[in-house]
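Enquirer: One structure coming up, written as structure tokens, with questions to follow.
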Amino acid sequence: MKLYFSTRQIPQLQGLAMAERMDKLRAAENKLTAPEKLLLNICKLLIIVPVFVFILRSAEDWSALVWAGLFILAYPFLLKPFQYSMCAKYLSDPSESKGND
9 MKLYFSTRQI
19 PQLQGLAMAE
29 RMDKLRAAEN
39 KLTAPEKLLL
49 NICKLLIIVP
59 VFVFILRSAE
69 DWSALVWAGL
79 FILAYPFLLK
89 PFQYSMCAKY
99 LSDPSESKGN
109 D
């Protein structure tokens, strides 16, 4: 699976405006199968749960807040490429959609 760090890197979305890319990506996300959605949600939980653990530990050690902040910053950098890659296979080719108009 190829990782896409931006929607502009996805071949099916190249040349489209940002709003159009987001609409097509949302539509593709709705086509994800249940196991794919489950995997994506588990990955989200693996990043979100440690944030709360670090926040709880901040009473003992204030540096835990730094780690919580790092996990929050890592959230979009780790999950968005994974989400884009999973959704890319459900995007139609732009040449196919133009031929049907």
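In the numbering used here, each residue carries its 1-based index in the sequence shown increased by 8.
Idealized CB from N, CA, C, for every residue including glycine.
1) By the DSSP assignment, the alpha helix (DSSP H) with GLY77 in it spans what residues?
2) For MET77, which option in VAL57, ALA35, ARG29 has the closest C-alpha, if you only look at C-alpha atoms?
3) Quick check on DSSP: helix, strand or coil for MET26?
4) Could you spell out the range, first to last residue, of the alpha helix (DSSP H) harbouring GLU44?
5) Excluding sequence positions up to five away, which residues of its chain have a Cβ less than 8 Å from the Cβ of PHE90?
6) Tell me whether LYS39 sits in a helix, a strand or coil according to DSSP, three-state version.
7) Counting C-beta neighbours from all protein chains within 10 Å, is the total for ALA96 16 or more, i.e. buried, or is it exposed?
8) Given SER66, which residues of its chain have a CB within under 6 Å of its CB, disregarding the five upstream and five downstream residues?
9) Which value, in whole angstroms, describes the spacing of the CA atoms of ALA36 and TRP70?
Expert: Walking through what the data contain:
1) The residue you call residue 77 lines up with position 69 of the sequence shown. The continuous alpha helix (DSSP H) containing GLY77 extends over residues 72-96.
2) To locate residue 77, count along the sequence shown from 1; it is residue 69. Contrary to the premise, residue 77 reads as Gly rather than Met in this sequence. When only C-alpha atoms are compared, the closest one is VAL57.
3) Mapped onto the sequence shown, residue 26 falls at position 18. Here MET26 carries a helix assignment [DSSP, helix/strand/coil].
4) Here residue 44 refers to the residue found at position 36 when the sequence shown is read from its first residue. Annotation for GLU44: the continuous alpha helix (DSSP H) segment containing it runs 42-65.
5) Position 82 of the sequence shown, counting from 1, holds the residue named residue 90. Apart from sequence neighbours up to five positions away, the residues of its chain that approach PHE90 with a beta-carbon distance below 8 Å are LEU11, LEU48, CYS51, ordered along the chain.
6) Here residue 39 refers to the residue found at position 31 of the sequence shown. When DSSP states are grouped into helix, strand and coil, LYS39 belongs to the coil group.
7) Residue numbering aside, residue 96 sits at position 88 when the sequence shown is read from its first letter. With a threshold of 16 other beta carbon atoms within 10 Å, ALA96 meets it and is buried.
8) Residue 66 sits at position 58 when you count from the first residue of the sequence shown. In its chain, beyond the 5 residues on either side, ALA72, LEU73 have a beta carbon closer than 6 Å to the beta carbon of SER66.
9) As a position in the sequence shown, residue 36 is number 28, starting the count at 1. As a position in the sequence shown, residue 70 is number 62, starting the count at 1. Between ALA36 and TRP70, the C-alpha separation is close to 41 Å.
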